[in-house]
Each structure stands twice: as C-alpha cells, then as structure tokens.
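Residue 836 is where the sequence shown starts when you use the working numbering, and the numbers rise one by one after that.
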Amino acid sequence: MSNPTKRIIIRNLIKSYRSGTQSVSVLKGIQLDVPDTFLTLMGPSGSGKSTFLNILSGIDKADSGEVWIGGKNLATFSEEELTNYRRNETGIIFQFFHLLPYLSALENVALPLYIAGIGKSKAREIAKNALEKVDLAHRFGHKPDELSGGEQQRVAIARALAKNPSIVLADEPTGNLDTYHAHKILELLLELQEKEKFSLFIVTHDREIGEKGKIRLKMKDGLILPQEDPALRV
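In structure tokens form, the structure reads like this:
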C-alpha cells in the first residue's frame, strides 16, 4: 500500500437503510484508492453520493467495509472516536448553510469551537481569523438574514476551516447559489486549499465544478464507476 496517510482508501463499503419492512441498499460494495487531494464526485440523485460523504465525514457508519482516511480506518472507530474525528479533523460544508439564525456570523463560526471545549476568548479569536480568511471581517456582527447567500456560504466555509481540519467535505456547496456566486465560492475553496493544505472532497451536480477536480469520480447505483486516470485504482 503506497503511503496510506496520503490516500483515501475504501474497501467493499456497504450501507443499507430500513424503509418499513424493506431493506434498501444504498452503497453496494464501493472500492476506491485515490490520492488525498482535490476530489469531485458526481452522479444522479439517489446514487448514494450524500450517504458516501456522510460516512467519510463520520456522520454515519457503514454496515461493513473499510474507510481509510489519514491512515486511520474509520470503520473501527467507537462513537467517541468518531465524534472526536468530526470535531477535530473534518470540516463539513452543506448546500443550505445550516447557520443558526439568532447568532451572528462570528458566533456561528465560534459555536463548534465552544462545543469542542475551546475557551470563549480563544474560540472568538479563531473565529475572527477564519472569517477574515473568507473576506468577511466587515460582517462579524451580522446575522444570517442580514447576509447574502454567498456571504452565508462564506460563513459556513469559515466555520468548517476554523478547526484547521485535515479534510473538508462539501455536499453541493454551490447548489443554492447563482452562477456568479457559485464560481466565486469554488474559487475561494481552491484558494484556501492551496494556502491551508487540507484535502477537499466536493459532491456536486455541477458538471463545470465536477470537471475541475484533480481526481474526478462518478457514482451510479451505489458504486463508484471505474476511472481511466492512472492515478486512480478503483
């Protein structure tokens, strides 16, 4: 195995959900071995993309299989270890921002840091720095309804980066934005990745974004489709 700390390695990943009395198979034995870099994942609705991302982020657990990120097999983690992984090693960005409406931009970014046990003063300092990185120093005190969609997504990006994650996972991060702001958000993410050196994994329906990935993956019917890129071993 070539340096597993620099790769995302998935072995026979299976996930099903119960729907009434039926078991619905979502992920059907995914196999993947790719460099831990800028990856994009495309596929039709219902193909399993979000479920796959939730497992990579530690939000959900597979029924069986191996999930190696940073040289660690998430499939062997206890609930406490998964919680620590989510809090300390991953940044997660969603399509619909998930900002708390009664908190300011600064407080929204600082909240996960409070939860992780960082003191209020230090958390606010880290949050300010993260918001400055996404060009929102002038919006510290604004609540979500006082921000544009693009600005709200920048707050969400700052919240994801405040923990200094090793990997950032984004589920349709531009899906709720117009073309101009979607382009600006992607530019920002790539610029930040270059500076901060985190791995970036984007699930998207946007073909233009999908084709920008250094590793471009496609999913259909719960499986990653074989790729021709020699950097991949699927």
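Glycine included, each C-beta is placed from N, C-alpha and C at the ideal position.
Note that the structure is a prediction, hence the values are computed from the model and not measured.
Rounded separation between residue i and residue j - CA only
i     : j     : result
D980  : I927  : 21 Å
S939  : G976  : 5 Å
G878  : K884  : 7 Å
L934  : N943  : 6 Å
N923  : P1000 : 6 Å
Q866  : I845  : 5 Å
G881  : P1061 : 19 Å
I1059 : H973  : 42 Å
E986  : T856  : 44 Å
G1057 : I904  : 20 Å
V990  : E1029 : 19 Å
Y852  : R1051 : 27 Å
E914  : L946  : 21 Å
H1018 : I1044 : 9 Å
K1053 : P1008 : 17 Å
T1014 : S858  : 38 Å
N908  : T886  : 17 Å
N847  : L891  : 14 Å
Whole-Å CB distance - residue i paired with residue j, under 8 Å assumed
i     : j     : result
L1012 : I1020 : 6 Å
I950  : R921  : Not quite, the Cβ-Cβ distance comes to about 10 Å (not below 8 Å), so this is no contact.
A997  : I961  : 5 Å
K963  : L941  : 7 Å
Sub-8 Å separation of residue i and residue j beta-carbons
i     : j     : result
I992  : L948  : no
L876  : L1004 : no
L1035 : F929  : no
A910  : E901  : yes
S899  : I849  : yes
D868  : K841  : no
L1025 : K968  : no
Unbroken beta strand (DSSP E) run spanning residue i, endpoints
i    : result
T925 : 925–928
G900 : 899–904
At 3 residues or longer, and completely inside the segment 1028–1066: list those beta strand (DSSP E) runs for me, N to C. Secondary structure in the segment 1028–1066: the beta strand (DSSP E) runs of 3 residues or longer, each lying completely within the stretch, are 1034–1038, 1050–1055 in chain order.
Suppose only complete runs of 4+ residues qualify. What are the alpha helix (DSSP H) ranges in the segment 932–1003, listed by chain order? Listed in chain order, they are 940–950, 955–968, 984–996.
Ranges of the beta strand (DSSP E) found wholly within the segment 838–895, counting only runs of at least 3: You should have 842–854, 857–870, 873–877.
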